[in-house]
Amino acid sequence: MTLFLAHAGHWITTIAYFLPVVAFLVWLAFTQWRERRRSGSAR
Amino acid sequence: MLDLLLAHGLVSRADLPIPEWLFAWAAAMVLVVSFVALAVLWPKPRLQDAGRRPVPRLLSRVLTSVPAEIVCGLVGVALLVAVVYTGLRGTQSSTANFAPTFVYVIFWLGLVPVSVLLGDVFRAFNPWRAIGRTVAWVARLAARGDLPAPLAYPERLGRWPAAAGILAFAALELVASNGDRPENVAIATLVYSGLTFVAMALYGVEAWIERGEAFSVYFNLFSRLSPVERREGEVGLRKPLSGLAALDPLPGTVALLAVMIGSVTFDGASEAPLWTGMAPDIASFFGDLGLSPSTALEATFALGLIAAIAIVYALYRLGIAGARSVGGGFDANRLAGEFIHSLVPIALAYVAAHYLTLLLYQGQAIAFLASDPLGDGSDLFGTADQTIDYGVIGANATWYWQVGFVVAGHVAALTLAHDRAIAIYKEARQAVRSQYWMLAVMVGFTSLALWLLSQANA
Numbered sequence: 008m009t010l011f012l013a014h015a016g017h018w019i020t021t022i023a024y025f026l027p028v029v030a031f032l033v034w035l036a037f038t039q040w041r042e043r044r045r046s047g048s049a050r
Numbered sequence: 014m015l016d017l018l019l020a021h022g023l024v025s026r027a028d029l030p031i032p033e034w035l036f037a038w039a040a041a042m043v044l045v046v047s048f049v050a051l052a053v054l055w056p057k058p059r060l061q062d063a064g065r066r067p068v069p070r071l072l073s074r075v076l077t078s079v080p081a082e083i084v085c086g087l088v089g090v091a092l093l094v095a096v097v098y099t100g101l102r103g104t105q106s107s108t109a110n111f112a113p114t115f116v117y118v119i120f121w122l123g124l125v126p127v128s129v130l131l132g133d134v135f136r137a138f139n140p141w142r143a144i145g146r147t148v149a150w151v152a153r154l155a156a157r158g159d160l161p162a163p164l165a166y167p168e169r170l171g172r173w174p175a176a177a178g179i180l181a182f183a184a185l186e187l188v189a190s191n192g193d194r195p196e197n198v199a200i201a202t203l204v205y206s207g208l209t210f211v212a213m214a215l216y217g218v219e220a221w222i223e224r225g226e227a228f229s230v231y232f233n234l235f236s237r238l239s240p241v242e243r244r245e246g247e248v249g250l251r252k253p254l255s256g257l258a259a260l261d262p263l264p265g266t267v268a269l270l271a272v273m274i275g276s277v278t279f280d281g282a283s284e285a286p287l288w289t290g291m292a293p294d295i296a297s298f299f300g301d302l303g304l305s306p307s308t309a310l311e312a313t314f315a316l317g318l319i320a321a322i323a324i325v326y327a328l329y330r331l332g333i334a335g336a337r338s339v340g341g342g343f344d345a346n347r348l349a350g351e352f353i354h355s356l357v358p359i360a361l362a363y364v365a366a367h368y369l370t371l372l373l374y375q376g377q378a379i380a381f382l383a384s385d386p387l388g389d390g391s392d393l394f395g396t397a398d399q400t401i402d403y404g405v406i407g408a409n410a411t412w413y414w415q416v417g418f419v420v421a422g423h424v425a426a427l428t429l430a431h432d433r434a435i436a437i438y439k440e441a442r443q444a445v446r447s448q449y450w451m452l453a454v455m456v457g458f459t460s461l462a463l464w465l466l467s468q469a470n471a
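Rendered as structure tokens:
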């Protein structure tokens with residue numbers, strides 16, 4: 008755990024690089040879920 | 014690993030106005046804005062028809078003339094001979110011998126921007142094509158007539174031989190512990206030449222050059238970004254990017270692009286703390302299996318290279334699976350082929366950004382290596398005393414150029430994918446929705462590229 012936290016500088020920065028991808032995928036998943044829900048209620 | 018390839022990690026940045034990771038966020042925003050702009054302002058396909066304008070007839074005639082082909086072919090053959098001769102007979106110091114710098118920097122990296130600007134230049138200088146055509150011409154003269162027709166190139170082979178060739182080259186560069194040793198560069202060149210001649214004898218010179226010869230296929234892909242093209246014996250200008258839209262998605266093309274992007278990805282990742290922390294453990298695992306320390310290290314790097322290629326391949330196929338989920342009735346392989354051309358600007362962005370400083374710094378070494386190719390103290394052109402000027406580009410300027418290449422490459426990729434989507438989907442809405450997934454892939458590749466670049470100087 009100590010080692011994990013000691014290297015936090017490395018992995019937090021790495022996560023920061025990939026946050027836009029995560030944010031985009033979350034938005035995409037939400038959009039698809041909403042569309043499916045809409046088309047389900049339309050039927 | 015290659016001493017000279019480490020040169021691209023020479024600079025470090027200390028005074029950027031914002032943290033490097035924030036550039037990834039900004040790049041992602043640029044992509045999203047570009048995506049919206051394309052959806053609104055680009056309602057009809059514009060790149061699918063590769064219309065072109067001829068250049069002045071005299072210029073076209075000179076460029077495509079037989080004497081020009083002969084001169085270019087001779088230059089290519091002379092350079093091939095120089096690589097083999099200097100590699101075998103010169104000093105075995107990779108930085109003092111002509112062969113490694115010429116092959117890994119001038120040929121492999123330098124020809125990329127030349128192809129993007131001027132078109133398929135390598136086709137003219139290709140030494141294997143020149144030798145193959147000359148041998149065929151001599152054989153026809155000796156036989157006093159036409160030679161037996163070569164075998165038909167198997168359709169299912171597609172670009173697979175080229176993918177295998179580029180993978181082998183990447184392995185020599187990034188995996189082999191002595192891949193930069195001049196003698197090994199020369200032997201690899203001889204082996205590759207032998208295989209190429211056998212394949213050309215079997216399937217014909219032009220068929221093999223167009224589909225199987227790794228470097229012809231590699232540089233041809235980049236040349237499709239160029240507005241300059243040679244078609245039906247004439248030189249002309251075409252719409253930028255339209256050459257890629259005309260790319261035939263032969264079998265093996267997806268694998269080839271995955272190798273092209275994955276090998277650069279691994280080269281960058283191999284400098285990251287994530288890999289440098291993990292590699293010794295993997296090497297010790299291979300050592301426990303009985304491999305020597307050097308072979309264990311090579312096995313570790315081979316594993317890393319394959320993993321990087323697999324990640325790139327998986328990322329693309331994931332995007333395709335997502336695009337397929339919006340409907341349209343396409344199967345996954347058809348969609349993968351339809352959009353594969355959009356990965357070429359990404360491959361270019363990766364190469365340009367990752368190897369910018371290597372090309373600018375180590376590329377200068379060719380001035381003194383050409384004068385003293387064997388490393389024996391000769392001075393053929395009076396440039397043996399020249400040195401590398403590391404001030405040609407500053408650290409911050411390098412970073413901005415790298416970010417620029419990455420963003421421009423991905424915007425070009427988005428444009429190509431969008432244009433193809435509106436060409437193949439019946440409904441505009443479906444086309445745009447399919448591109449949400451390609452946008453996710455592009456944002457992923459952008460973040461990965463900038464992370465890798467940051468790791469090179471971490």
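As they're listed, the protein sequences go chains A and B. So the first sequence is residues 8 to 50, counted in the working numbering. So the second sequence is residues 14 to 471, counted in the working numbering. All C-beta atoms in this analysis are idealised placements derived from N, C-alpha and C, irrespective of residue type, glycine included.
The beta carbon of residue 260 of chain B lies closer than 8 Å to those of 234, 237, 266, 353, 354 and 357 in the same chain, with the five residues before and after it left out. Between the region 246–258 of chain B and the region 62–76 of chain B there are three or more inter-stretch CB-CB distances shorter than 8 Å, so the stretches are counted as touching. In this structure, DSSP gives residue 376 of chain B a state outside helix and strand, which the three-state scheme calls coil. Taken in chain order, the whole beta strand (DSSP E) runs of length 3 or more contained in the region 64–107 of chain B are 65–67.
Distance from the CA atom of residue 106 of chain B to the CA atom of residue 274 of chain B, rounded to whole angstroms, is 29 Å.
For residue 449 of chain B, the neighbours in chain A by C-beta distance under 8 Å run, in chain order, 35 and 38. The DSSP-derived three-state label of residue 440 of chain B is coil.
Taking CB atoms only, residue 463 of chain B has a neighbour in chain A less than 8 Å away. Taking 7 Å as the upper bound on Cβ-Cβ separation, chain A lies near residues 34, 37, 38 and 41 of the region 30–47 of chain B.
Contacts with chain A (Cβ-Cβ distance below 7 Å) from the region 174–206 of chain B involve no residue at all. Between residue 457 of chain B and chain A, the shortest Cβ-Cβ separation is below 8 Å. Contact check for residue 227 of chain B and residue 311 of chain B: beta-carbon distance about 21 Å, past the 8 Å limit, so the pair fails to qualify. The three-state reading of DSSP puts residue 404 of chain B in coil, since its state is none of H, G, I, E or B.
The Cβ atoms of residue 362 of chain B and residue 431 of chain B do not sit closer than 8 Å to each other. Under the 8 Å criterion on CB atoms, residue 283 of chain B is classed as non-interfacial with respect to chain A.
Going by beta carbons, residue 427 of chain B and residue 44 of chain B fall inside the 8 Å limit. Residue range 247–251 is occupied by the beta strand (DSSP E) that includes residue 250 of chain B. The alpha helix (DSSP H) runs lying completely inside the region 305–373 of chain B and spanning 4 residues or more are 306–337 and 345–352, given in chain order. With contacts defined by Cβ atoms closer than 8 Å, residue 465 of chain B and residue 282 of chain B form a contacting pair. Among the bridge pairs identified by DSSP, residue 242 of chain B is matched with B:249. Going by C-alpha positions, residue 336 of chain B is about 14 Å away from residue 441 of chain B. Neighbourhood of residue 327 of chain B in chain A, by CB distance below 7 Å: empty, with the nearest CB roughly 14 Å away. Residue 138 of chain B is positioned such that its CB atom lies closer than 8 Å to that of residue 85 of chain B. Ranked by Cα distance from residue 419 of chain B, the options B:112, B:37 and B:28 are led by B:37. A check of alpha carbon separations from residue 319 of chain B across B:412, B:180, B:404 and B:161 identifies B:180 as the nearest.
Interface flag for residue 460 of chain B against chain A is set, since a Cβ pair is found closer than 8 Å. Setting aside the 5 residues that flank it on each side, residue 285 of chain B is surrounded in the same chain by 468, each with a C-beta closer than 6 Å to its C-beta; the list follows chain order. Counting only residues of its own chain and dropping the five nearest sequence neighbours on each side, residue 224 of chain B has a CB closer than 8 Å to the CB of 166, 170, 171, 172, 174, 175, 230 and 263. The beta-carbon distance between residue 198 of chain B and residue 100 of chain B, rounded to whole angstroms, is 5 Å. This is short enough to meet the 8 Å contact definition.
Close to residue 453 of chain B, with beta-carbon spacing below 9 Å, are these residues of chain A in chain order: 28, 31, 32 and 35.
At least 8 Å separates the beta-carbon of residue 327 of chain B from that of residue 313 of chain B.
Between residue 374 of chain B and residue 401 of chain B the beta-carbon gap is near 6 Å, inside 8 Å, which marks them as a contact.
Excluding the 5 residues flanking it on each side, residue 118 of chain B has same chain C-beta neighbours closer than 8 Å at 17, 371, 372, 375, 376, 378 and 379, in chain order. In the three-state DSSP reduction, residue 55 of chain B falls in the coil class, being neither helix nor strand. In its chain, beyond the 5 residues on either side, 163 have a beta carbon closer than 6 Å to the beta carbon of residue 217 of chain B. For residue 209 of chain B, the enclosing alpha helix (DSSP H) stretches over residues 195–216.
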